[in-house]
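Data first, discussion second: the structure below is written as structure tokens.
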Amino acid sequence: MSQDNQKYCKTFLNEKDFQKELFYELTKNFGWTFPPVSENREVFTSNTEVNKTLAGYKIENFEYWTEDKLIDNWRKIISSKNWDRLEETELTEKEIKDILWFLNSCIDPSKNTIGKRNELLLQGIVELDRNGKKIPLKIFSSNSTESNVIYQVAREVITNTEIEKGNGKKEKVRFDFIFLIDGIPVVSLETKTAFKKISSAKYQVQNYHKLGLFTTGFFSLIQMFVVMNDKKFFYTTNKNDFKELWYEDLLFKWTDENNRHRSDWCYIVKTFLRASTLHNLIGLYSVADGDNIKILRSYQYWAIKAIKNRLLGWDPADNHVKNKWHNPKEIWDNRKTGNESIKLGYIWHSTGAGKTLTSFKVAQLLLKERFGNTTLIEKVIFLVDRKDLSLQTQEAYLSFNLNLKNQENEIKKAKNKWDMKKLIMGEHKFIIGSHQKLSEVCKDLTKKDKEKINSKRIVLIFDEAHRSTSAEMFRNIKETFINACLIGFTGTPKLKPEKEFKEDKNEIYTEDVFGPLLHTYTMGNAILDKKVLKFYLTYSNLSEFNIWVYAWNKGILRKLGFNVEDYSKVDNLLKVKAFLKDNYNSDYVWLMSLKKLSRNETEENIQKFNKYLLINKNSDSKSEEEQTEEMHLIQLRRNIIVDDIIKNWKENNELSKSSFSSILATNKIDDAIEYFKIFKERKQKSQLPTENFKFTAVFDATESNDEYYEIKENTNKNINMVMDLYSVDFNRKFNNHSKFKENVIQRLSKRSSRYNKKEQHLNLVIVVNQLLTGFDSKYIKTIYIDKSLEDAFLIQAISRTNRIFKEGNKEEGNVVFYNKPPQMQKNIDEAIKKYAKAKYENVVENPNQEGRIFLITQNLKLEIGEIKKIVPSKEKYYELSHLSYIENEEINDEVSAFMRTFIRINKLWNNKEYLKHLDYKGQKADDYFRQEINFSEEEFLAFKSLFKQLDSLYDVTKNRRVYFSYPIINEDYIEVFQITNSHGYEIGQQEIEQISKELSKSKLQNTDEKEKVIKTELEKWIKEKPSDTLFYKWGQSVLEENKYKNIFFPYINNNFSTPGDIENIFKKSMDDWRKEQVEEKFVELGVNKEHYDFFWNIIKKTNNIKTQLTEKQENDIVIFINQETLINYFIKTGKIKEQRKNTFALWFQILKEELQNLKDNYKY
């Protein structure tokens, strides 16, 4: 690239000019060639040899590359690279098709996922069956440092796929750029100019994906999509579902090593699009995660690169290679001198920024690293701090690379200290364990054991390294593994103080333990990049209780003749308030001002709070009476906090029908137990937020600071009490605390789909220290903090709440402080400054949301006006709702406009629901919304129903081979997911809950009157529902045939009367009705009764019946169905014509559509 271009990155008016310049730079300066022009076979072993064939070839005269030509190019490259194995005979066209068939997992089409294709590609070897002989062929090099890698880039690639336009014309799909490594297409790039919206490039890729171009065939091997103009740049991975392609969470920008966003094309082409970088992103920095793939973000890329550079001799302090580290083998010689482990360095990456994936790739790549012909590292041991994190890490690691199970570097988790010893002494290369286990092992090792361990080149990777820096166990480890390299990962390192402050000699800093900081990506970076959420902080005042404590501390209660126990008597509190107003007015004003803490008055508030509002004074001269009063106030305070949590539960944790879980963090085990008992009392009195509210507590006896055996034994009794209630709540018995805790973690993380069910939901978990650091779950919405936290521990605790969960409309993480609010306000300010490295307002939401409420209201009014222009009448609504497919461009424009407008309304509506409990200029925001917005809940739901119908038309239209652009891209598809998957609405969950509550309040005893009330309630609710909802259809059915009398017999006869009982009656009836409807359709489709279970299994467990059935399932369907009954039904209903009844492919495709409709229509 010329000096001028490096200084000034020019802009292009014409897309073709931009493409030419880009192509020129890629092929001249950054390692890419273009496929040979010659039709003759050429033996290529490197880019140099490719270039030799291109002498005199002018870029301006490039020809269009076709899909067939690129496949032939691939065939030649594989032939060339495996010339000896193939006995100097080229691959045939059939053989290259067989290889592609294998990579598309056509042995089992149900496994044709991008995750599987990534695994097969990165294995790099396929087996060719030629004349009965198995020949292993090298098809892909995963590392850019391997020799003879061929990099090619092709412009204007024409595929074999044709699109039928609405006007009857056809054209073949054409890609702007395809990047090929060893002939395999791995990256697709679509370009625009700065004067065109980059979203149009995203639309192109999404619509190509919809055509199936990236799910089967040659271009299904593409791993990454890039869209760019000369000013903007994004990349994402290939997906199994085209609709998920541009999710914001999986849409990446590129940054430099200092996290500065760089999107100018000049920088992108010399860094990201450089052949070696792109190759390594695909070959080294991608990972199969189940059915999907993940490609590392730029900060993860730079972090791993820093670790590898450091291992090979780079000194981050001086930014150059140190001589003594120039030969990596020298760093393993410490065993000769008896020194401690080598401090390689540490990575500071924010919680929620994917440290687990980064550390996995570090471990995996270090095991592949070679120095000459020697494997540089022989063993990696990944260490976590607690068993719960070990479980989470192991599950994440195994999901990242399932194919490791069959390789020599299979991930092994140490079950106990004996297992840990066996693993580290053996030949296993990749081990997961805890600090505790390894430390115990170190104590028991003999001198001979240590010599054997230190004869190997080992890397120890410490997760959550901030918790390793002061433990004795850490010293045991590093003094044992004297020939190991140490690497730390942390979101909150223990940092040395700024220069103006002295270091604490008793403190152990992360740098002292692990060595220099290698890469940083702070919480501020992560929030800016929308990888984690901001926080909404609430400093709970407990104002009336504070007045009582103030009066107790000042002796006012005694002066007025009150005991501390008299708090619950309303008149007494009023008298205390009146006394304070008259005699201590300035302090009374201050007490009331604590409702809204000012960040400008923190120090003054802290001093006054500590002087007047502390209960436990830690004095040795307390009388027995004072101690009794303190204990009573402490317990009273706990009760008030529980009441506050219950009172505000829904607004903190249940948003737009999405239920989240919360954590209550306490100072010590005694507090946790007492809180648990209070919640248990509230449960017995039916005073919890909901009927099915479930809570538990997680702590260990070892967390107690009290060493007396009696205390520990009492704690164990309380642990059993907690486990007993949990077992009753979830109908599952646990014999040991470890299994119980493991289940709590799985439930909070919803690691299994069964935990998504309402009855399996855990609302609240009470903790002391556990789960406050390292534990990840996007379902945690709120943390209630009633303990002293500061610095790293505070950041770690609040970070449990800010994982992104867009499907649940999660806007931010909630943090509610109960313990010393003024002090916690100071602590949070200091911690954010230290660990976020960002402005306070960029990390914490402004508590005053009036501006946001006003803006949402105005935008909603505007968008509602727009959608009513598109659908101005009931007649237009009817017309759109009865479309069978999209017939032409005019209808497509109309449908697209409606869908895009409703997406915007849905976002605003969800924000409105989230904010409605707040205040707005002296009234509730909900009241303000109702006054200003002329759009009822019923209208919103009707439009939502229409949206779902129109969304489904794009699949129907596609089946007719008429293609129109799907109107939704980017993160907006999250909204589509929310709208089209809101089954709770269709099934009537909200209505069922409301009716159940109403019926439970009824005091009627007469059975006839009860029957009448049920009928009236059902009619009322059904009348308000759209006729296409399941609740409406079910309701009409039970009313028309008077089935409701039998259905509600237990209620009518006084057997069941609680809301939960009545709700269960509704649910059973609804489920039975849905099942009846489906099985009635089974009869029409010719399904024999003995095979119902087989078809139920397909409906319930297959996401897309039309495309995801296995070959065996399809064969069984043909066997299990009565074809004569089925075909007669299709003829009768007009789905096929008499003359085509024997066309198997036609009726079988229609059958799959029928089964899919049953799944969709009845919400299975």
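Residue numbers (UniProt numbering): 1 to 1164. In this text, a Cβ means the ideal position worked out from N, Cα and C, and glycines have one as well.
query: Reduced DSSP category for His349 - H, G, I as helix; E, B as strand; rest coil; result: strand
query: Unbroken stretches of the alpha helix (DSSP H), 4 residues or longer, contained in the stretch 850-934; result: 850-870, 874-881, 889-915, 925-932
query: Bridge partner(s) assigned by DSSP for Met228; result: Thr191, Phe233
query: Cβ-Cβ distance between Ser661 and Ile780 below 8 angstroms; result: yes
query: Pro821 Cβ short of 7 angstroms to the ligand FMN heavy atom set; result: Annotation note on the ligand FMN: not contained in the displayed structure, which lists no ligands.
query: Classification of Lys16 by the beta-carbon crowding that lies within 10 angstroms, buried from 16 upward; result: exposed
query: Residue of Lys834, Trp302, Ile453 minimising C-alpha distance to Leu379; result: The displayed chain sequence assigns Lys, not Leu, to residue 379. When each option's Cα is compared against that of Lys379, the closest is Ile453.
query: Pro136 - partner residues in DSSP beta bridges; result: Glu127
query: Three-pair Cβ contact test at 8 angstroms for the stretch 242-251 versus the stretch 143-161; result: no
query: Identity of the residue in Ser623, Ala154, Gln627, Tyr588 nearest Phe609 by Cα; result: Tyr588
query: Outcome for Trp101 when other beta-carbon atoms lying within 10 angstroms are tallied against a minimum of 16; result: exposed
query: Straight-line Cα distance separating Lys595 from Leu574; result: 18 angstroms
query: First through last residue of the alpha helix (DSSP H) which encompasses Ser439; result: 435-444
query: Residue burial classification, Leu423 (beta-carbon count within 10 angstroms, cutoff 16); result: buried
query: 8 angstroms Cβ cutoff met for Glu642 and Ile678; result: The sequence as given places Val at residue 642; Glu does not occur at that position. Yes.
query: Helix, strand or coil at Tyr536 [DSSP, three-state]; result: strand
query: Close Cβ partners of Asn51 (< 7 angstroms) along its chain, the five nearest in sequence each way excluded; result: For Asn51, the pLDDT reaches just 44, beneath the cut-off of 50, and the residue's location in the model is therefore unreliable, although a value from the coordinates is still provided. If we look at Asn51 and ignore the five residues flanking it on each side, its Cβ neighbours are Thr33.
query: In DSSP terms, what Trp1073 is bridged to; result: According to DSSP, Trp1073 bridges with nothing at all.
query: Stretch-stretch touch, CB-based, cutoff 8 angstroms, three pairs: the stretch 543-561 with the stretch 340-347; result: no
query: Alpha helix (DSSP H) runs wholly inside the stretch 240-281, at least 4 long, in chain order; result: 265-270
query: Assigned exposure category for Gly561 - 16 Cβ within 10 Å defines buried; result: exposed
query: Val844, enclosing beta strand (DSSP E) - first and last residue; result: Looking at the DSSP string, Val844 is not in any beta strand (DSSP E), and its letter there is neither H nor E.
query: C-beta atoms of Lys1141 and Ile1150 nearer than 8 angstroms; result: no
query: CA-to-CA distance, Glu889 to Phe195, given in whole angstroms; result: 25 angstroms
query: Exposure of Asp463, with buried meaning 16 or more beta-carbon neighbours within 10 Å; result: buried
query: Between the CA atoms of Ser188 and Thr161 - distance to the nearest angstrom; result: 16 angstroms
query: Nearest-angstrom Cα separation, counted from Val362 out to Thr375; result: 15 angstroms
query: Simplified DSSP assignment, three categories, for Val205; result: helix
query: Bounding residues of the alpha helix (DSSP H) (the contiguous stretch that carries Thr666); result: Looking at the DSSP string, Thr666 is not in any alpha helix (DSSP H); the run it does join, the beta strand (DSSP E), is 661-666.
query: C-alpha distance - Ile974 paired with Asn906, whole-angstrom precision; result: Caution is warranted here: a pLDDT of 49 is assigned to Ile974, below 50, making its placement in the model unreliable, and no coordinate value can be reported.
query: Start-to-end residues for the alpha helix (DSSP H) that takes in Tyr675; result: 669-684
query: N-terminal and C-terminal residue of the alpha helix (DSSP H) that Val380 is part of; result: That residue, Val380, is in no alpha helix (DSSP H); its beta strand (DSSP E) goes 379-384.
query: Simplified DSSP state of His761, which is helix, strand or coil; result: coil
query: Proximity below 8 angstroms, CB of Ile1099 to CB of Leu1158; result: yes
query: Cβ neighbours of Leu1146 in the same chain (closer than 7 angstroms, five flanking residues each side left out); result: Ile1136, Arg1140
query: Among Met723, Glu1090, His917, Phe234, nearest to Asn652 - alpha-carbon criterion; result: His917
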